[in-house]
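Protein chains in written order, with my numbering: chain S, 26 to 382; chain L, 26 to 382.
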């Protein structure tokens, strides 16, 4: 994408005020976790659910026309619908800090707004009954910091798979050269489909990478491609899946405009994973706008139908959102490490990462 | 409504296989609770969210086009978004019984589908921080029986208010004389608006009652109407609200057809409460179709666009759904008892219930 560059950390925390924390457990039957995104005050949120098997909480409150405008945190988790309990621990942490939608004059009278979604990783670690609960949400929320965070087999991506490969957590960011707004994405990559083109072994979205996103990737050896295709044919894949995304920007958007960022985020998934949005995927994209920067078109609080320059800028933000999601998918795939009997992309295609001699 | 009669219990359990349980706490700062509706196997579910401030969980899974068709239970709760935790306890009870969406061949590999919604009663009992948690859902689910249940200040209606009056839990059912299908509703009535016409003191939906729904209601005395209007003008009303509804039928419906029942249920709320569906109401109607009876039009598994006789019958079910919801609102209002400084309708309008001498 022209006219943009990765932000300094190349992750969601390049949007000022956004903090990210993970909590996960691995071993003794465990392989799952939770990732929490905490927001600065006044962050508007929206969501777009396009998967066929979603597990969600508090998404109706994000409809463009409802009372609540601000989002206090987003909670992504493994554990399928059971893992929605993690949001309870996030709410508790926020309520203790008196952060939330104010419902009374007395101190502490708040209801934290914590939309949540879960992906299917039940049994991946060996035990079906070990999954995130409220303590995972609490610990991930307490761990959240406004600085760079680990990628790969961490947080909500700990038990994630991607076709026959290990999935995981990825992130990327972009800063527009013109108006200077940042758009960033965090992805817990756990699709039924694959981020890899089986014909070539190349990552579907590899050409969308920006300088600094990843080591220079080579077209894999034919022998690796053949082995990967054989593994695909033989594999007993995870029967249920789901990729979860948070897109964030520092642009000042209305809730309805924010929804268009979530819509665009799904296009990034579509470009980076094939197939996507199936019946056994519960793909959800949340979008957050912290409002730290007005778009330069001048109309900071846009009318319901933005016109003129603002429309151009909003469209540009959408294109940025799609691209950061696609890049975050690639980075999740490259950061993942072999686990639960699944090789990483690096394991399956070592030639792709071999430096030229 | 012509051509229908109340079912034998005049509540949601007149739909064969439906079980209802409450758990609530009152006193020492508590006044809140949870109501769980458990379903027979193969029950299809849908939802329609029309309030401006919803608190929900697992509603996206009920979209007409998603993978999951069957609903294992519905969880209604006080406690605003905090109260969504009650669903966790319901899931636990169902998982222990191996009831849920099957995600693996081994025993116990299920994910129970428990859509949930919460109403705002925070602080009504005196303490803001006492609200339903997973233990409420567990206990309500364990208490669920396929027989008649208490109305009034119970379950999710324990802390409910209705304008300046005490709200509560109501129910009603209808059996069609023709095809014999049952449609029933359960309502946790907690609106910002009122079930009472302030000009007359009559309940907005009183004329929709069927014989046996309630004692014969008289037009209240003018002095009571004047006192009620004065109370309305002076009252510091609950700032946030929400009415929650479950409509159920034994008709065999597709998930999309089931959605139309939820839509119709909101019309019942609109006729029985004024105003309704405001920004501070998070009104949600869930709809369940157990499939115990085929509609007599013959096409049991309807095509996406039902035609001919089936369309007539489906429209009839919708009209029944709207009416049972309106009747359930009236019955909730009459069953409620004074609490938390709010009089019941019976307290405010004793002349309405006085038998003719």
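All C-beta atoms in this analysis are idealised placements derived from N, C-alpha and C, irrespective of residue type, glycine included.
Non-local C-beta neighbours of residue 201/S in its own chain, meaning closer than 6 Å and more than five positions away in sequence, comprise 29, ordered along the chain. The CB of residue 105/L comes closer than 7 Å to the CB of 136 in chain S, given here in chain order.
For the pair residue 100/L and residue 181/L, the Cα-to-Cα distance works out to about 9 Å. With at least 16 other beta carbons inside 10 angstroms of its own, residue 139/S counts as buried.
A contact between stretches requires three or more CB pairs, one per stretch, nearer than 8 Å, and the segment 70-80 of chain S meets this requirement with the segment 82-99 of chain L. Residue 48/S: not part of any alpha helix (DSSP H); member of the beta strand (DSSP E) spanning 44-52, first to last residue. Taken through DSSP and simplified to helix, strand or coil, residue 348/S comes out as helix.
Using beta-carbon distances, residue 92/S counts as an interface residue toward chain L, with a partner under 8 Å. In this structure the segment 46-55 of chain S does not touch the segment 206-218 of chain S; the number of beta carbon pairs closer than 8 Å is below three. Taking residue 174/S as the centre and dropping the five residues before and after it, the same chain places the C-beta of 45 closer than 6 Å to its C-beta, in chain order. Shown in chain order are the members of the segment 140-157 of chain L whose Cβ falls below 7 Å from a Cβ of chain S: 147, 148 and 153. Following the DSSP letters along the chain, one finds residue 283/L inside the alpha helix (DSSP H) bounded by residues 280-297. For residue 55/S, DSSP records a beta bridge to 52/S. Between residue 263/S and residue 31/S, the beta carbon gap of about 31 Å keeps them out of contact (Cβ cut-off 8 Å). Following the DSSP letters along the chain, one finds residue 162/S inside the alpha helix (DSSP H) bounded by residues 159-168. Using a CB distance cut-off of 8 Å, residue 79/S counts as an interface residue toward chain L.
Against residue 83/S, the close residues of chain L are 79, 80, 81, 82, 106 and 109, in the order they occur along the chain (beta-carbon pairs closer than 9 Å). Residue 192/L sits away from residue 356/L, with the two beta carbons spaced by 8 Å or more. Residue contact with chain S for residue 290/L: absent (no Cβ-Cβ distance below 8 Å to any residue of chain S). By the C-beta criterion, the segment 166-173 of chain S is judged not to be in contact with the segment 236-251 of chain S, since fewer than 3 inter-stretch pairs fall below 8 Å. With contacts defined by Cβ atoms closer than 8 Å, residue 299/S and residue 229/S form a contacting pair.
Listed by position along chain S, the residues whose Cβ is nearer than 9 Å to that of residue 113/L are 107, 109, 110, 113, 158 and 159. Between the segment 334-351 of chain L and the segment 143-163 of chain L, the count of C-beta pairs closer than 8 Å stays below three; the two stretches do not touch. Residues 186, 189, 190 and 191 of the same chain have their beta carbon placed closer than 7 Å to that of residue 367/L, with the five preceding and five following residues left out of the count. According to DSSP, residue pairing for residue 85/L in a beta bridge does not occur.
Rounded to whole angstroms, residue 360/S and residue 158/L show a C-alpha spacing of 37 Å. The beta-carbon distance between residue 184/S and residue 146/S, rounded to whole angstroms, is 3 Å. This is short enough to meet the 8 Å contact definition. DSSP places residue 38/L in the helix class (H, G or I) of the three-state scheme. The residue among 41/L, 134/L and 52/L with its C-alpha nearest the C-alpha of residue 63/L is 41/L. Against chain L, the beta carbon of residue 304/S has neighbours under 7 Å at 92, listed in chain order.
Look at the segment 205-290 of chain S and you find these whole runs of beta strand (DSSP E), each 3 residues long or longer: 207-214 and 269-276. The residue from 226/S, 27/S and 36/S with its alpha-carbon nearest to that of residue 271/S is 36/S. In terms of beta-carbon proximity, residue 129/L lines the interface with chain S, with at least one pair separated by less than 8 Å. Burial state of residue 172/L is exposed, judged by a 10 Å Cβ sphere holding fewer than 16 other Cβ atoms.
Closest by C-alpha distance to residue 238/S, out of 66/S, 279/S and 353/S, is 353/S. Against residue 89/L, chain S offers no close residue; the least beta-carbon distance is about 11 Å (beta-carbon pairs closer than 7 Å).
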